[in-house]
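Asker: Before I ask anything, here is the structure I am working with.
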Amino acid sequence: MKVGDKVLISPDLTHLEEWIEGKIIEVEQNPYVGVVISAETSDGNVFFGYQDLFKTTVLCTH
Numbered sequence: 001m002k003v004g005d006k007v008l009i010s011p012d013l014t015h016l017e018e019w020i021e022g023k024i025i026e027v028e029q030n031p032y033v034g035v036v037i038s039a040e041t042s043d044g045n046v047f048f049g050y051q052d053l054f055k056t057t058v059l060c061t062h
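Taken in order, the sequence shown gives residues 1 to 62; the numbers are from the working numbering.
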């Protein structure tokens with residue numbers, strides 16, 4: 001994952017019922033917990049957490 005990638009953000013972070021879309025704004029290599037992702041949603045909310053709380057979105061090209 002890199003800055004600018006579109007991702008799905010886990011309900012564990014958003015406290016919503018479904019995964020929501022966002023865009024990565026920062027990727028940090030934290031020496032204590034590993035990779036920390038920060039992502040912003042279309043409405044301007046920013047969520048950050050462990051890399052496993054984000055999924056890359058897959059676009060169908062068929």
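We put the CB at the ideal spot given by N, CA and C, even for glycine.
Measuring CA to CA, which of Val-36, Glu-28, Ile-20, Val-46 is closest to Ile-10?
Answerer: It should be noted that the sequence gives Ser, not Ile, for residue 10. Nearest option by C-alpha distance: Ile-20.
Asker: Nearest to Ile-24 by alpha carbon, out of Leu-16, Phe-47, Glu-18?
Answerer: Checking every option, the nearest Cα to that of Ile-24 belongs to Phe-47.
Asker: Please report the straight-line C-alpha distance between Val-3 and Val-58, rounded to a whole angstrom.
Answerer: Approximately 16 Å between the Cα atoms of the pair.
Asker: Assuming Val-35 and Val-27 make a contact with CB atoms under 8 Å, what is their CB distance in whole Å?
Answerer: Indeed, because the Cβ distance is near 7 Å, the residues count as touching under 8 Å.
Asker: According to DSSP, what are the bridge partners of Asn-30?
Answerer: Looking at the DSSP assignment, Asn-30 forms a beta bridge with Gly-34.
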